Amino acid sequence: MINQYLEDYYNAVYDTNRNEAFRVIDEALAKGVQPEEVVFKIIVPAIDKMINALTTDLDATISQHFIASQVAEEITEKMLARFKIKPGMEGRVIIGTPLGDFHGLGKKIVAGCLRANLFMVEDIGLNISPEVFVDKAESFGAQVIGISSMMIHTATGENGPKMVKKILIQRGLENKIKLVVGGAPYRFDSDLYKEVGADAYADNGITATKVIRELLGEVKNETRA
Amino acid sequence: MKHGLELLEPMFQGKLPERVPVILNLFEQGANELNLSIEEYYSDVDHIVEGQVRMAEKFGHDNLWATFYAAIDAETLGSKKTIFSDDGPPNVGQLIIRQYADVDELTIPGNINDSPFFSKQTELVKKLKKKAAGRLPVCAYVVASFSLPVLLMGIDRWLTLLLTGSSVIREALLAKCSEFVIKKIMALREAGADMIAYANPIASATFIKAHQFDKLAAKWISSDFKGAGSRNLVYFGGGGKIEPFLERIIDSSDAGAYYLNPFDDIVSAKVKVGPRGLVTGAINDIKLMSWSSGQIRAEVKQIMDKGKPNGGFLFGTQMMPYKISDKNIHIMVKAAHEYGRY
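So the sequence lines, in the order shown, correspond to chains A and B.
For what it's worth, numbering that gives the first Met the number 0 labels the leading residue of the first sequence as 0, then goes sequentially.
For what it's worth, numbering that gives the first Met the number 0 labels the leading residue of the second sequence as 0, then goes sequentially.
#1: Compute the Euclidean distance between the alpha carbons of B:Leu-25 and A:Thr-222, then round it to the nearest angstrom.
#2: By the criterion of Cβ-Cβ separation under 8 Å, what are the contact partners of A:Phe-21 in chain B?
#3: Would A:Pro-184 count as contacting chain B if we go by Cβ distances under 8 Å?
#4: For a cutoff of 8 Å on Cβ pairs, would you count A:Arg-91 as touching chain B?
#5: Residues of chain B with CB under 8 Å from A:Leu-167, in chain order?
#6: So B:Pro-148 contacts chain A; which residues on that side make the cut at Cβ distance below 9 Å?
#7: Starting from A:Gly-99, find everything on chain B with Cβ-Cβ shorter than 9 Å and list it in chain order.
#8: Going by C-alpha distance, which of B:Ala-281, B:Ile-249 and B:Tyr-234 is nearest B:Leu-263?
#9: Are there 16 or more other CB atoms within 10 angstroms of the CB of A:His-152, so buried, or fewer, so exposed?
#10: In terms of residues, what are the limits of the beta strand (DSSP E) holding B:Asp-43?
#11: Sort A:Leu-113, A:Pro-160, A:Asp-14 and A:Ile-1 by Cα distance to A:Asp-231 and report the nearest one.
#12: The alpha helix (DSSP H) that contains A:Pro-97, what's its start and end?
#13: Which residues in chain A have a C-beta closer than 8 Å to the C-beta of B:Phe-206? List them in chain order.
#14: Hey, how far is the Cα of B:Asp-86 from the Cα of B:Ala-65?
#15: Please list, in chain order, the chain B residues whose beta carbon lies closer than 9 Å to that of A:Asp-188.
#16: Could you please give me the residues that DSSP links to A:Leu-178 through a beta bridge?
#17: Got a sec: is the Cβ-Cβ distance from B:Tyr-321 to anything in chain A below 8 Å?
#18: Which one or two residues does DSSP pair with A:Gly-124 in a beta bridge?
#19: So, B:Val-19 versus B:Lys-300, is the Cβ gap smaller than 8 Å?
#20: Let me check you understand the geometry: is the CB of A:Tyr-200 closer than 7 Å to at least one non-hydrogen atom of the ligand MN?
#21: Measure from the C-beta of A:Ile-66 to each C-beta in chain E and report whether the shortest distance is under 8 Å.
#22: From the DSSP output, read off the bridge partner residues of B:Asn-327.
#23: Please return the same chain residues whose Cβ sits closer than 6 Å to the Cβ of B:Pro-243, not counting the five positions on each side in sequence.
#24: So if DSSP puts B:Val-278 in a beta bridge, which residue, or which two residues, is it bridged to?
#25: Take the Cβ of B:Arg-340 as the centre, count every other Cβ of all protein chains shown within 10 Å, and call the residue buried at 16 or more, exposed below.
#26: Mind checking B:Lys-326: buried by the 16 CB within 10 Å criterion, or exposed?
#27: Given this structure, state the Cα-to-Cα distance separating A:Arg-90 from A:Leu-79, to the nearest angstrom.
#28: Shortest alpha-carbon distance to B:Gly-315 belongs to which of B:Asp-45, B:Leu-245 and B:Gly-238?
#29: If you run the structure through DSSP and keep just helix, strand and coil, what is B:Val-48?
#30: If we ignore side chains and look at the alpha-carbon of each, how far apart do B:Ala-139 and B:Leu-123 end up?
#31: Report the option in A:Gly-181, A:Val-163 and A:Gly-182 whose CA atom is closest to the CA atom of A:Glu-173.
#32: In terms of residue numbering, what span does the beta strand (DSSP E) encompassing B:Met-194 cover?
#33: Look at the Cβ atom of A:Leu-167, then the Cβ atom of A:Ser-128, and state whether they are nearer than 8 Å.
#34: Determine the extent of the alpha helix (DSSP H) in which B:Phe-235 is found, giving its start and end residues.
#35: Around the Cβ of A:Ile-84, are there at least 16 other Cβ atoms within 10 angstroms (buried) or fewer (exposed)?
#36: At 3 residues or longer, and completely inside the segment 131-165 of chain B: list those beta strand (DSSP E) runs for me, N to C.
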């Protein structure tokens, strides 16, 4: 039964049909599916399935990413409040846009997907200075800083990811806090993330979850060594 | 060597030009030419005129841009703040639609030229037209009604309303946006713009699926084009891919030319457009920042190899980053002149 709900929910979000996605989850709950099962057997597998689909579907759209992320985040938040035992979280992530960049769609998609996958995420907003990125990451205990840029000059400028990396190194944090970037300029040049000193880049909001999970693994290995 | 309008005019009659025209989307770079900050540059129409003319002389491309920045539409419609950058385009600093009730308050000026933010755009067209003296086409820029809400309410709010919100509010907002776009196109055309880029990123295949284009976007493209007339309009994806939707776009717009994204399939686009319009293929100008001379020439050649056969083709760029070196622009233009010759 639950596999059918997974299939129906997945098809709804893939088709950007928010109302149908919520209807499927409501029906599942009414039929006795537990909130924990909704998250771990429907929402999280649906995102994993979408990562695979969007990796091979070159025609996937930003609308699909946006709706999939927002619906998953909203349902997960509601379900978490009904969990019998609070689940362990995957890791802590700070996310924002660099100084001079006022385009928040990318980070909103990424934050939604991460929260649906039980990451602790602090969205620190738009137009964030490099110092604030690092200060907030330290105070939040983040293992990953995500910086989303819509514009080439904010992606590659001196007050963007480059300076964040420099400050991480100055404070001896480069092994404890990894830097991931994403946004339009990186889609036009997939090597650009290396130029700005990032540890990784995510091609879109949905696959960012996978990339960040891999970075968390690196942090665990490097801090253990 | 023929140049600018001498190349374009025969193309609109279905004839082969001497070479493929080269369209460079150089905007803020004019500030650098005049040794001004970007904010100073945009504060005076004469700065833009001078910057455009100097860049055309320097690089030898085939167009002039009579445009400020996209955020000026928001200013025209009531936004009180624009945020200027040292090395990139200005951003909207105050979104005028913060909640859906604000859609009711949105007012389109009866006479668009009464707005000082708009009248300086027509002044710019007129002054550049005079400077161009019939040699180079003066290009203007409008944001399509379907994409204009991004500048008024932000992209996430617009996508939320578009995909999950009230259709009544959405249609009311788009009707106002279309009224604005139609007035803007007509006024720019009347001022003398030779070509007007109609940028519609949200209706591109990067943002929406084909069925959403049919259900949500097509009607508003038709509204804009029917209201303003399709003469001298160039349909531009504005950073999104349009080739997958070209038949649909042609049905809705009947534009004179279609301006592709670097990731669009040029060969397929030329087949789809056929004799119904011109096609502009765009180079990936983010990569242009770091490519070697050999890589630039190879990229220009492969674009020309795909687009040049049988004519009807222009070579273009996306929204060129401010920091692309002059050297790389020169290499690209020289290669485009060489490989674009018929």
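Even glycine gets a Cβ: it sits at the ideal position worked out from N, Cα and C.
As the structure is a computational prediction, the values presented were derived from the model and not from experiment.
With the structure as the only source:
#1: 47 Å
#2: Within chain B, no residue comes near A:Phe-21; the closest Cβ sits about 10 Å away, beyond 8 Å.
#3: Answer yes: the Cβ-Cβ gap between A:Pro-184 and chain B drops below 8 Å somewhere.
#4: no
#5: None at all; the shortest Cβ gap to chain B is about 23 Å.
#6: Within chain A, no residue comes near B:Pro-148; the closest Cβ sits about 13 Å away, beyond 9 Å.
#7: Neighbours of A:Gly-99 in chain B, taken as residues whose beta carbon is under 9 Å from its own, are Ile-82, Ser-84, Asp-85, Asp-86, Gly-87 and Asn-90 in chain order.
#8: The amino acid at residue 263 of chain B is misidentified as Leu; the sequence shows Asp. When each option's Cα is compared against that of B:Asp-263, the closest is B:Ala-281.
#9: buried
#10: Note, B:Asp-43: premise wrong, no beta strand (DSSP E); not H, not E.
#11: The first residue shown for chain A is 0 and the last is 224, placing residue 231 of chain A beyond what the model contains.
#12: Boundaries around A:Pro-97 are those of the beta strand (DSSP E), 91-97, since no alpha helix (DSSP H) includes it.
#13: Thr-60, Ile-61 and Ser-62
#14: 20 Å
#15: Neighbours of A:Asp-188 in chain B, taken as residues whose beta carbon is under 9 Å from its own, are Asn-283, Ile-285, Lys-286, Met-288 and Ser-289 in chain order.
#16: A:Ile-144
#17: yes
#18: A:Gly-95
#19: no
#20: Although the ligand MN was asked about, the structure shown includes no ligands whatsoever.
#21: No chain E is part of this structure, whose protein chains are labelled A and B.
#22: Answer is none; B:Asn-327 lacks a bridge partner.
#23: Ala-204
#24: B:Tyr-257 and B:Phe-312
#25: If you draw a 10 Å sphere on the C-beta of B:Arg-340, you find fewer than 16 other C-beta atoms in it, and that means exposed.
#26: exposed
#27: The amino acid occupying residue 90 of chain A in the given sequence is Gly; Arg does not appear at that position. Looking at the two C-alpha atoms, the distance is approximately 16 Å.
#28: The residue with the shortest Cα to Cα distance from B:Gly-315 is B:Gly-238.
#29: helix
#30: 10 Å
#31: A:Val-163
#32: Here the beta strand (DSSP E) through B:Met-194 covers 194-198.
#33: no
#34: No alpha helix (DSSP H) contains B:Phe-235, which is instead part of the beta strand (DSSP E) from 232-235.
#35: exposed
#36: Unbroken beta strand (DSSP E) stretches of 3 residues or longer found wholly inside the segment 131-165 of chain B: 137-142, given in chain order.
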